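Throughout the sequence shown, residue numbering follows the UniProt record's numbering, covering 1 to 128 in sequence.
Virtual Cβ for every residue (Gly too), placed ideally from N, Cα, C.
As the structure is a prediction and not an experimental result, all values here were calculated from the model.
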Amino acid sequence: ELLGQNLSKLRSLLDAESLQKDKLAQKVTTLQSQVKILESDLEHERLHKNDYWVKKCVFSRFLSKVLHEKVETFEDKVKSQKLFINKQEAQIEKMRIDAEISKEKIKDGDRKLKEFIEKLDLEAYDLC
C-alpha cells in the first residue's frame, strides 16, 4: 500500500512534470515563432534599407548625369558665345582696316584733286 501511494505520488509528479514540460514546449514554440517573426521583420527592414540606399544611389547617379549634361550644355553654349564674339571682333577689326584703307584712299583722292586743281590753275594762268 505504501508502495502504491508512492507510486501514485510519483505518477502525479510525473504528470505534473509532463504538464510543465508541455507548457515549456509550448513556450519554446511560441518563442520560436516570435523569433521567426522578428527575423522576418529584420529581413524586411534590411531590404527596405537596402532599397532606400539603392534608390539613393540610383538617384545620385541620375542627378550626377543630369548635372554633367547641363554643365556640358552650358560649356557648349559658352564656347559658341566665345566663337560668336571672336567672329564679331574679327568683323570689327576688318571694318576698322577697311575704314583706314578708305581714309587713305580719300587722302590720296584729295591730294590728286589738289594736284589737278593746281594744274588747272597753272594752265588757266598760262592761258591768261
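Terminal residues of the continuous alpha helix (DSSP H) containing E1?
Per DSSP, E1 belongs to no alpha helix (DSSP H) and is neither H nor E.
Roughly how many angstroms lie between the CA atoms of K79 and N86, to the nearest whole one?
Looking at the two C-alpha atoms, the distance is approximately 10 Å.
To test your reading of the DSSP string, which unbroken alpha helix (DSSP H) runs of 4 or more residues are found completely within the segment 29–106?
As far as the segment 29–106 is concerned, it has no whole alpha helix (DSSP H) run of at least 4 residues.
If we ignore side chains and look at the alpha-carbon of each, how far apart do residue 133 and V58 end up?
The requested residue 133 does not occur in the structure, where the chain is confined to residues 1 to 128.
Between the alpha carbons of L122 and L113, how many angstroms are there, rounded?
L122 and L113: Cα-Cα distance of roughly 14 Å.
Near R61, which residues of its chain fall below 8 Å by C-beta distance, leaving aside the five closest residues on each side in sequence?
For R61, where only same-chain residues beyond five positions count, there are no Cβ hits under 8 Å.
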